[in-house]
Structure formats: C-alpha cells, structure tokens
Amino acid sequence: MNANAAIYFVDRHVADGRGDKQAFREAAGAKRGQTYAELSDQSARVADAFLRAGLRREDRVAMLVLDQLEYPALFWGGLKAGVIPVLLNTLLATPVYEVILADSRARGLVVSAELLPMVAPLLPDHPHLENVIVIGDGAPEGSMTYADFMVDAQPRDPVDVSADECAFWLYSSGSTGAPKGVRHVHSALQATADTFGTQVLGIREDDVVFSAAKIFFAYGLGNALTFPQSVGATTILFNGRPTPDTVTDILRDEQPTIFCGVPTLFAALVAYVGDELDGHALRLCTSAGEALPAEVANVWQRATGCETVDGVGSTEMLHIFLSNRPGDVVYGTSGTAVPGYDLRCVGEWGREIKVGEVGELLVRGASAADGYWNQREKSRTTFEGEWIRTGDKYEVREDGRYVYCGRTDDMFKVSGIWVSPFEVEQAVIEHDAVLEAAVVAHRDGDGLDKPKAFVVLKDPSRTQEVQDGIAEFVKDKIGKWKYPRWVEIVDDLPKTATGKIQRFKLRL
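Under the numbering used here, the sequence shown has 473 at position 490, and the numbering climbs by one with no breaks.
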C-alpha cells in the first residue's frame, strides 16, 4: 500500500466527494482560493514539474515561501514527486540561509519574490543549486518564474513510498543556537493529526482555521496544513506579519473558528483589544512555542469567550505532545500528555523525579523525527531509542499536570536553590506596566548567578517606576531570593520567527 502522505491529506478528499470544498483562501492580496480538487490537480502537476526540471527522488528542495496559495501545492507536490521539501524560516539573515543551503545541499530552491533579496547574493555560482524558482516577478538570470516552471506540467500519480520514508525536513528554530536539519517521515504527519488534531482540538470539517504561526514552523505546518486537511476543513493563509491589528482584522473578517497563536502574540493582542473582541466566530484557540502566562490567557478568554489550549511541542516531535484540553484547561500549566504520547521527567542519572520536583522532560510517540542531518553526536544525545530529550524542565504536580520551569540551559541556582526564569517572568508580567519580560542568569560582583530581567513596557513613561518597584513586586509574588537584581528596559526581546524568546542572546 502506498503510504505517501499526500494521498491521505489531499487526494482522498476528492475520492470522498469533497473536491469542491474550499481547502485554502488568502486573507491578503488578491485573496485567492483553492478547492481540494484544485489542490489535488495542482500538486500533481508540481510533482511533474519537479521531475521534468531534473530533480530526482530524495533530492532536497529548499522552500523559502510566504504563507500563500502556492505553498500547499509545492509541499504536497514535493511529496508526490518523492523530492524532499526543506521548509525554511522566512525571517532569517542571508548568512544563515547560506549555512542552511550548504548544509542541506539542496538542488532546488523555491522562493517568494518578496524574499528573493535575502538569498540573491548566494545564487550566482552556488555549488549545489541547479534550479531556482521564483514565485512572482523579478526572477534573476539563471532562475525561472513559478509560472514558467509549471508550463505544460501534467498531473502525475504520487510515487510509492513506505511509511518510514523521509518526506520533508524542518530546520529547528534555533532558540539555543544554530539551526539543525530535522528529518521527518511520511507517517509522522498523520500521527500528529490523529493525536493532537483529533483528540485535543477535535477539529471538524466545518472548521475554518487561521494560524498566525507560519507553515515553515512545525506548529504552523500542523495548524495550517495537516490538521485541517485531515478532515477536509478550510485554512486561512496570511503572507504578512501577524501584528495585533492585522490578526484582529482577520479574526473579524475571515471568521475562523480556530485560531493558533503564540504567547508573544497573545500578549500583544490582549494589550490591543482589551477585555472584548467582538464580531468573531472563534470556538477555540491554541498556543505553543513557549509557555503561555496565566494572566494573558485569562484576559484573552474574557475578550473572546473561548478557551486557549496551551501546549508543548517541538520540531523533533513535529507538533504538540503535552497540552491542556478543551473543557479541562488550567492556565499556568502545560496540561497532560496528548493521547498517543508517553512522557517522563528525569533528574540526574536518569532518575524519575517525584511529585513537586523538577526534571527534564522526555517524550516518545509516532511523530518522532528520524534524527538530525549530519549531526551524529547531537542525534545521539537527543534521540535515546524511542525517547527524545526535549531540553525542557518541568515539575509534575500531584494532579498529574505539568508545570513549565524553563530550558535545561536556562535554569540556574540562586543561594543553592533552582530558579525558573519562566516563573520570574510570569511574576514580572503581572505588573500592570509590563508588556513582555525575559529573565536570564547574570553574574554579580562575587561571580554568583542572580536573575536579570529584560522588560518591554506598555508605556515607556513608567520606566523609573518599574525599575524602582519591580524587585519588591516580584518578592511578594514568588519569593525573596527570586527577584531580578537588575532590570533593563528594552524596546523588544530577541525571538525566533515563531515567537520563542532567545534567552541565549540575552546572556551574551
């Protein structure tokens, strides 16, 4: 039996009579739409175009593409052809693209015209790239437009693959350093849909989904492609930056029923809309990428009247494996294991921690990656048989819920006691003048670690008030030794494209 994931997520819907159902529509520009029948046909023609361009099975094709109508056809078309789409973060710098293109040895590159300037300096005489396809106008010499790429392409049946065959790559978000190529197999896509998509989201055919997290991110790939396409639902695509005003407009104008965001965006939305967001059709929101502060979640629920299920996933596991659930949400916790996944928290020497202790979270499940590309040592330390080390520190409560305590490399001791940067951040954020905060360890004059807070204010005129009063405010919230000894007011915090705070940059 052919296990090509494109058959299940795309072609099956035509066979089951959903060909006329809208699969995607754009929320910007020409606001184009696409039915499942059109997606099935277009992706089959993309497969033919890839092969006619000389790309062979298992060749890598880097995709530096905005969230636009061509993206799903390119992704599924790649799988149908047997080439390997490598989904690239659209917000990186040119030197990082240079590293990734060299590391992946991609023979093809598909790039949105708006993003071409970021890679144009790398294209002349590139040692690996043989095909450069530009979506839009302005294709440079030696490349072709997407329209020319597709000329005379004919529908091609999906190549026959095994469930364990590599389907696509993602590059890790780089929250702790350089990106790593993460290889995923065909069966992993349905594994996430059958677990989180079905058993947590409860996604339905009549749902309309909008993910502020972009498709290149594992979280966004599930939100925008695999979950809706597992049931024949509709996805709203937005190729711009998800600012509070643009997101609010989309929620009102496009009427999605499920909205998928990240904590940074939810905090900004709360500051923008206040206690009420009218004119929407939301029935559920999801959050991932970093733990969602309880105060932000509570205000957003008051504003929308619907719950936000905060969960934890990773590029290595493809999507969320630990989550709150609709009707069983406890803000400030990450919930419990998603059905289909096993979790354990371990301390030093691999000992299972007791209730109330803090340990590193390990996970196993069918969506696990096939390893890192060309990073054997990192693969050996992350992928331990069936188990994957997440690098996240968690406390397990008596009720079985997990409480996030930071990254393994973010945790530090003050006066011999472990301090969670996230716990301190939560306390700082509760101050009514604070929009965002990040906390890292900073050495004092004695060479001892103490908390330092980087704070983004709602109103810069309150700088002195926050700097003078935040220490006592935090002491009253979480403990005498955990307060920030230093407070630095900043305009913004360094983050990955998915909204995850890059604390390692603040430690420099």
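By construction, the Cβ of each residue, glycine as well, lies at the ideal position given by its N, Cα and C atoms. Being a predicted model, the structure only gives us computed values, none of them experimental.
A56 and P78 have their alpha carbons spaced roughly 28 Å apart. Contact between the region 452 to 469 and the region 404 to 418 is present: three or more C-beta pairs spanning the two stretches fall below 8 Å.
In this structure, H263 sits away from L220, with a CB-CB distance that is not shorter than 8 Å.
If you check the CB distance, V144 and H167 do not come in under 8 Å. A distance below 6 Å between beta-carbons, with the five flanking residues on each side excluded, links L34 to the following residues of its chain, in chain order: A64. Fewer than three Cβ pairs drawn from the region -1 to 15 and the region 114 to 123 lie within less than 8 Å of each other, which leaves the two stretches out of contact.
Around the beta carbon of M300, 16 or more other beta carbons sit within 10 angstroms, so the residue counts as buried.
Its Cα nearest to that of R426, the residue R468 stands out among R468, F487, V438. Per the Cβ contact rule, the region 276 to 287 is in contact with the region 234 to 254 (3 or more Cβ pairs under 8 Å). Relative to the Cα of A436, the nearest Cα in the group G428, F58, P443, V423 belongs to V423.
Looking at the DSSP output, Y355 bridges to V165.
CA-to-CA, the gap between P225 and D429 works out to about 44 Å.
For M46, the enclosing beta strand (DSSP E) covers residues 43 to 47. Taking C-beta atoms as the reference points, N307 and G296 fail to come closer than 8 Å. Ranked by Cα distance from A13, the options A30, L52, N(-13), F(-8) are led by L52. C-alpha of V346 to C-alpha of G383: approximately 15 Å in a straight line.
For A(-11), the CB contacts under 7 Å within the same chain, skipping 5 residues up- and downstream, are S26, W59, L62, K63, P141 in chain order.
Buried is the label assigned to V292, since at least 16 other Cβ atoms lie within 10 Å of its Cβ.
Taking 8 Å as the cut-off, the beta carbon of T229 is found closer than this to the beta carbon of G223. Rounded to the nearest whole angstrom, the C-alpha separation of F(-8) and R390 is 34 Å. For A76, no alpha helix (DSSP H) segment is defined, and its DSSP state is neither H nor E.
In this structure, the straight-line span from the alpha carbon of F151 to that of V66 is close to 8 Å. For T231, the secondary structure class from DSSP, reduced to helix, strand or coil, is helix. Boundaries of the beta strand (DSSP E) around R327: 325 to 329. Listed in chain order, the alpha helix (DSSP H) runs fully inside the region 327 to 415 are 359 to 365, 404 to 412, counting runs of at least 4 residues.
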